[in-house]
Amino acid sequence: MILLRPTPSQHPYMSVDDSAIIHAVPPVGSQHPNYQSGKNYVLGETAYSPVTHFEYESLQNNNQGNNPDDRANHSDKWLRLGAGNIHRLFDRRTGQLCSHSGEISVTLRPGAIVDAIALFGMEASQLSITVTDPIEGEVYSMAQNLVAPLSQSGMWHWLFEPVRRTKKILITGLPAYGTAEVTIRLTAPNDSTVKCGEIVPGRATVIGDGEWDFTIGGDDYSVMEFDSFGVSEYAPGGYNDYLDIDARLPTHSAEAIKELFASVRGQPIVLAGEDTGRYGTLVYGLCQQPRIKLRNSKFSKMNIEMRGLS
Numbered sequence: 001m002i003l004l005r006p007t008p009s010q011h012p013y014m015s016v017d018d019s020a021i022i023h024a025v026p027p028v029g030s031q032h033p034n035y036q037s038g039k040n041y042v043l044g045e046t047a048y049s050p051v052t053h054f055e056y057e058s059l060q061n062n063n064q065g066n067n068p069d070d071r072a073n074h075s076d077k078w079l080r081l082g083a084g085n086i087h088r089l090f091d092r093r094t095g096q097l098c099s100h101s102g103e104i105s106v107t108l109r110p111g112a113i114v115d116a117i118a119l120f121g122m123e124a125s126q127l128s129i130t131v132t133d134p135i136e137g138e139v140y141s142m143a144q145n146l147v148a149p150l151s152q153s154g155m156w157h158w159l160f161e162p163v164r165r166t167k168k169i170l171i172t173g174l175p176a177y178g179t180a181e182v183t184i185r186l187t188a189p190n191d192s193t194v195k196c197g198e199i200v201p202g203r204a205t206v207i208g209d210g211e212w213d214f215t216i217g218g219d220d221y222s223v224m225e226f227d228s229f230g231v232s233e234y235a236p237g238g239y240n241d242y243l244d245i246d247a248r249l250p251t252h253s254a255e256a257i258k259e260l261f262a263s264v265r266g267q268p269i270v271l272a273g274e275d276t277g278r279y280g281t282l283v284y285g286l287c288q289q290p291r292i293k294l295r296n297s298k299f300s301k302m303n304i305e306m307r308g309l310s
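The sequence shown runs 1 to 310 under this note's numbering.
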């Protein structure tokens, strides 16, 4: 079982700092014009904040001088639509997707060691990751086909069902270079639309062996209501992944693992129920502090509950 701690960020809303993004496709910014404090916005007019990288829609006419980033005072005047396109990769949620024709590519200079990368909400054909050190040059390169092979889907599904693709993945084993640049690239043929919900670079720690009999699922926030005549109204809502898993760990490491989870409390993390996160055990979200039972001097057991962020 692996815990990935995201690279530290000083940005209040994004998981990477502005200075860490060296190159991006699509480029940093938005299709909406930048917010101007002196402009009088009308109902439905949109604006983009280059400070927080969020897009907004005006909820009233005569909307002037009301900074949309000031949510404490002006949340009733602006609707937050979400992050700008490329920053949807780093907005600490998996439900809003960055999209672009043909490819999504981002080069990061985190300024810290990155030995693992998790991606969520992918809609692409191929993933490639390259690590380049300023002194030694390219020190790591990988490429992975995201289309499920025939051996996994079966002949019937291959011929008659929609193509199965890997939606989320955890890549570990990147070389530990603190000053390197990391390029993540998702591509699709024929300029098809490529999408991705979140990219999480960070450091991976093995925290134990996940045991079978774990629980995977999700929470659906869609709403359905019926009037007195039985007529229904349906409003689709968000969906969050859920993981409940027991793990076995050496007793001598119990205190260190307890401290590790305490250090990331209240912060989004990535948890893989087993090394590759297969079987739906790869979740990006918030973790309840685990309960560790010290069974004996050799091994202990703990329970972890994760709720995803969408």
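No residue lacks a Cβ here, since even glycine has one placed at the ideal position from N, Cα and C.
Exercise. How many whole angstroms separate the CB atoms of glutamate 55 and histidine 74, which I take to be in contact at a CB cut-off of 8 Å?
Worked result: Their Cβ separation, rounded to whole angstroms, is 15 Å, which puts glutamate 55 and histidine 74 out of contact at 8 Å.
Exercise. In its own chain, which residues sit with a C-beta less than 7 Å from the C-beta of alanine 254, not counting the 5 before and 5 after it?
Worked result: Ile292, Leu294, Ser300
Exercise. Using the beta-carbon count (16 or more within 10 Å), is glutamate 233 buried or exposed?
Worked result: exposed
For this session: Using 10 angstroms around the beta-carbon of threonine 94, count the other beta-carbons present and answer buried if the total reaches 16, otherwise exposed.
Result: buried
For this session: Count the CB pairs spanning the segment 120-136 and the segment 176-188 that are closer than 8 Å, and state whether there are at least three.
Result: Flag = yes, the segment 120-136 and the segment 176-188 touch.
Problem set entry | glutamate 255 - containing alpha helix (DSSP H), residue span | 254-263
For this session: Apply the 10 Å Cβ neighbour rule to phenylalanine 90 and answer buried if 16 or more other Cβ atoms are within range, or exposed otherwise.
Result: Result: buried.
Exercise. What's the call for alanine 176, buried or exposed, on a 16-neighbour Cβ count within 10 Å?
Worked result: exposed
For this session: Report the partner residues of asparagine 303 according to the DSSP bridge assignment.
Result: Asparagine 303 is bridged to Asp246, Arg291.
For this session: Would you kindly report the start and end of the unbroken alpha helix (DSSP H) that includes alanine 116?
Result: For alanine 116, there is no enclosing alpha helix (DSSP H); the residue is part of the beta strand (DSSP E) that begins and ends at 116-120.
Exercise. Out of curiosity, what's the CA-to-CA distance linking arginine 92 and threonine 52?
Worked result: 13 Å
For this session: Taking 8 Å as the cut-off, decide whether the C-beta atoms of leucine 3 and threonine 205 are in contact.
Result: yes
Exercise. What are the start and end residues of each continuous beta strand (DSSP E) run of 3 or more residues lying completely inside the segment 61-89, in chain order?
Worked result: 78-83
For this session: Can you grab the Cα-Cα spacing for the pair isoleucine 245 / glycine 208, in whole Å?
Result: 11 Å
Exercise. Closest by CA to alanine 235, which one among Tyr221, Phe229, Leu243?
Worked result: Tyr221
For this session: Since I believe glycine 218 is in contact with aspartate 241 (beta carbons under 8 Å), could you give me their beta-carbon distance rounded to a whole number of angstroms?
Result: 5 Å
For this session: State the Cα-Cα distance for the pair serine 105 and phenylalanine 226, rounded to the nearest angstrom.
Result: 45 Å
For this session: Tell me whether leucine 4 sits in a helix, a strand or coil according to DSSP, three-state version.
Result: strand
Problem set entry | Three-state secondary structure (DSSP) of threonine 179 | coil
Problem set entry | Check whether isoleucine 22 and arginine 109 have beta carbons under 8 Å apart | Taking 8 Å as the Cβ cut-off, isoleucine 22 and arginine 109 qualify as a contacting pair.
Problem set entry | Sequence-distant residues of the same chain with beta carbon closer than 7 Å to histidine 87, five excluded per side | Met14, His53
Exercise. Using the beta-carbon count (16 or more within 10 Å), is glutamate 136 buried or exposed?
Worked result: The residue in question, glutamate 136, is exposed, as its Cβ has fewer than 16 Cβ neighbours within 10 Å.
Exercise. Between the C-alpha atoms of glutamine 144 and proline 201, what's the straight-line distance to the nearest angstrom?
Worked result: 17 Å
Exercise. Would a C-beta distance cut-off of 8 Å place lysine 167 and glycine 237 closer than the cut-off?
Worked result: no
Exercise. If valine 194 sits next to glycine 102, beta carbons under 8 Å apart, how far is it from one beta carbon to the other, in whole angstroms?
Worked result: 7 Å
Exercise. Taking DSSP as the reference, what is the three-state secondary structure of alanine 188?
Worked result: coil
For this session: Can you tell me which of the three DSSP states serine 19 falls into?
Result: helix
Exercise. In this structure, does DSSP put threonine 172 in helix, strand or coil?
Worked result: strand
Exercise. In its own chain, which residues sit with a C-beta less than 6 Å from the C-beta of threonine 215, not counting the 5 before and 5 after it?
Worked result: So the qualifying residues of the chain are Asp244.
For this session: Look at isoleucine 199 and leucine 286 and say whether their C-beta atoms are less than 8 Å apart.
Result: No, Cβ-Cβ distance for isoleucine 199 and leucine 286 is not below 8 Å.
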